[in-house]
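Heads up: the sequence shown runs through residues 69 to 409, numbered per the numbering used here. In what follows, a single structure is set out as structure tokens and then discussed.
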Amino acid sequence: MAHIVTYNTATREGWLQQLSDVITDPEELLRFLSLENHPELRAGIEARRLFALRVPRAFAARMKKGDASDPLLRQIITLQDEFFEAPDYSVDPLEEQSAAVPGLLHKYHNRALLLVKGGCAVNCRYCFRRHFPYHDNPGNKESWRNALDYLRQHTELDELIFSGGDPLMAKDHELDWLITEVEKIPHLQRLRIHSRLPIVIPDRITDELCQRFSRSRLQIILVTHINHENEIDAEVKNSMQKLKNIGVTLLNQSVLLKGVNDNCNTLVNLSNALFNAGILPYYLHVLDRVQGAAHFMVDDNQARHIMRKMLETTSGYLVPKLTREIGGQPSKTPVDLNIIN
């Protein structure tokens, strides 16, 4: 019988209980999913040495037991493919490891990105920051103060992005302090939060966090990271509704992943599920060429075919923008949808 844990979600600590109850051993995850004898998955166990496995039980419970092709499992399971050193792939594909100040990236003219916390609730195997030196960019008040000094001096900035790791790994009282300091910078008008935590642990959207967002002078945007409709359950919908009720704008960005969502029907279903949860599809990213993730790559022509079919079969506002990020460029780069023979 599967291991079932009950959490006291009525308290503000409920999400922290779930955050501590994670699977970090690939063999334990395979047993949990009745896949302990699957040869491909067993062969990949040692890839945890390259990048740790981490998945909350609440997220693992959404995976189909006995199905090695489950789209949620494929995003987080260690595979032997990760040992392949692919040409033209890098440990720093977006050229991010030279920060403006420790923990702060200023790649684009009007917005800067603060690495609030280095950890994540779940480790996605295709993460473009899987090799990032978080130890050189600590998520604490000292580094945040240095970043705030930089933000005060750069009046061209009107938007700040909380990223990581995952910024919502910060506790509510930490976020309260940080948001209060950001609100004191008059040229900053918007706060964008990129987080996967409300998807893998929906209870992260606490009443205290919602109250803090609701009284902010900043326009707050939450950008979720959802790649497949199976990630959206009733608890996710409830958390998103709490945010919508206080006026938070909800957007989603996905990554086009081989074996997970690399076909039109899956992406249309995802867009419909997102919209039903109150989230607008925003970006569909071509995979960043991070070393260890080449097995997820979908080539540009296949991506173009998928997107053209999406445009033919669903409403335009449900079609995310196909884009890639190129290190050193002043913005994301849209992918031309013209088919190249």
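For every residue, glycine included, the Cβ atom is placed at its ideal position computed from N, Cα and C.
Of the residues the options, the one placed nearest residue i, counting alpha carbons only
i, options, result
"His-177", "Leu-140, Ile-229 and Asp-156", "Ile-229"
"Phe-119", "Ile-144, Leu-162, Gln-221 and Ala-111", "Ile-144"
"Asn-344", "Met-308, Arg-357, Gly-360 and Asn-313", "Met-308"
"Arg-197", "Ser-282, Lys-209, Pro-161 and Phe-152", "Pro-161"
"Ile-407", "Ser-399, Lys-389, Met-375 and Arg-392", "Met-375"
"Glu-242", "Glu-104, Ala-215, Lys-209 and Val-169", "Lys-209"
"Leu-256", "Cys-192, Arg-99, Gly-232 and Arg-179", "Arg-179"
"Arg-272", "Glu-303, Asn-298 and Glu-251", "Glu-303"
"Val-316", "Tyr-194, Asn-333, Leu-348 and Asn-340", "Leu-348"
"Thr-92", "Cys-188, Pro-235, Pro-107 and Asp-149", "Cys-188"
"Cys-278", "Val-250, Ile-314, Asn-298 and Lys-305", "Ile-314"
"Tyr-351", "Pro-402, Arg-117 and Ala-361", "Pro-402"
"Lys-389", "Gln-321, Arg-283 and Ile-113", "Gln-321"
"Gln-397", "Glu-163, Ala-115, Gly-112 and Ser-102", "Glu-163"
"Gln-221", "Lys-252, Tyr-194 and Ile-289", "Lys-252"
"Val-387", "Ala-361, Asn-340, Gly-395 and Asp-356", "Asn-340"
"Ile-289", "Pro-206, Ser-399 and Leu-311", "Leu-311"
"Arg-193", "Lys-175, Pro-201, Gln-148 and Pro-235", "Gln-148"
"Ser-137", "Leu-109, Arg-117 and Ala-115", "Leu-109"
With 16 other Cβ atoms within 10 Å as the buried cut-off, status of residue i
i, result
"Ile-261", "buried"
"Arg-285", "exposed"
"His-296", "buried"
"Asn-191", "buried"
"Pro-107", "exposed"
"Gly-112", "buried"
"Pro-124", "buried"
"Ile-394", "exposed"
"Tyr-385", "exposed"
"Gly-171", "buried"
"Thr-381", "exposed"
"His-293", "buried"
"Lys-155", "Note on identity: in this sequence residue 155 is Pro, with Lys being the wrong assignment. Pro-155 should be labelled exposed."
"Thr-274", "buried"
Beta-carbon proximity list for residue i, same chain, < 6 Å, skipping 5 on both sides
i, result
"Ile-72", "The pLDDT assigned to Ile-72 is 45, lower than 50, so where the model puts this residue is not dependable, and the model offers no usable value."
"Ala-167", "Leu-173"
"Val-159", "His-199 and Gln-359"
"Arg-142", "Gly-327 and Val-328"
"Glu-299", "Ile-267"
"Leu-405", "Arg-372, Met-375 and Arg-376"
"Leu-413", "Because the chain is modelled from 69 through 409, residue 413 falls outside the range shown and cannot be assessed."
"Ala-238", "Val-184 and Lys-185"
Neighbourhood of residue i by C-beta, 7 Å cutoff - its chain only, sequence neighbours within 5 removed
i, result
"Glu-371", "The amino acid at residue 371 is misidentified as Glu; the sequence shows Ala. These residues qualify, in order along the chain: Leu-324, Val-354, Leu-390 and Val-403."
"Trp-212", "Leu-246"
"Phe-281", "Ile-288, Ile-314 and Val-316"
8 Å Cβ shell around residue i - same chain, five flanking residues per side excluded
i, result
"Val-250", "Leu-216, Leu-219, Leu-228, Leu-256, Leu-259 and Leu-286"
"Gly-134", "Leu-101, Ser-102 and Leu-103"
8 Å Cβ cutoff, residue i in contact with chain D
i, result
"Gln-86", "Of the protein chains in the structure, only one exists, and it is not chain D."
**OP:** Taking only runs that begin and end inside the segment 204–230, name each unbroken alpha helix (DSSP H) of 4 or more residues, in chain order.
**Re:** 209–221
Subject >> Any 3 or more C-beta pairs closer than 8 Å across the segment 364–374 and the segment 321–328 >> reply: yes
Original post:
Counting only runs that start and end within the segment 359–397, where is the beta strand (DSSP E) found for 3 or more residues in a row?
Top reply: 389–392
Original post:
Does the segment 128–140 come close enough to the segment 89–103 to have 3 or more Cβ pairs within less than 8 Å?
Top reply: yes
Subject >> Complete runs of the beta strand (DSSP E) confined to the segment 328–362 [at least 3 residues] >> reply: 348–353
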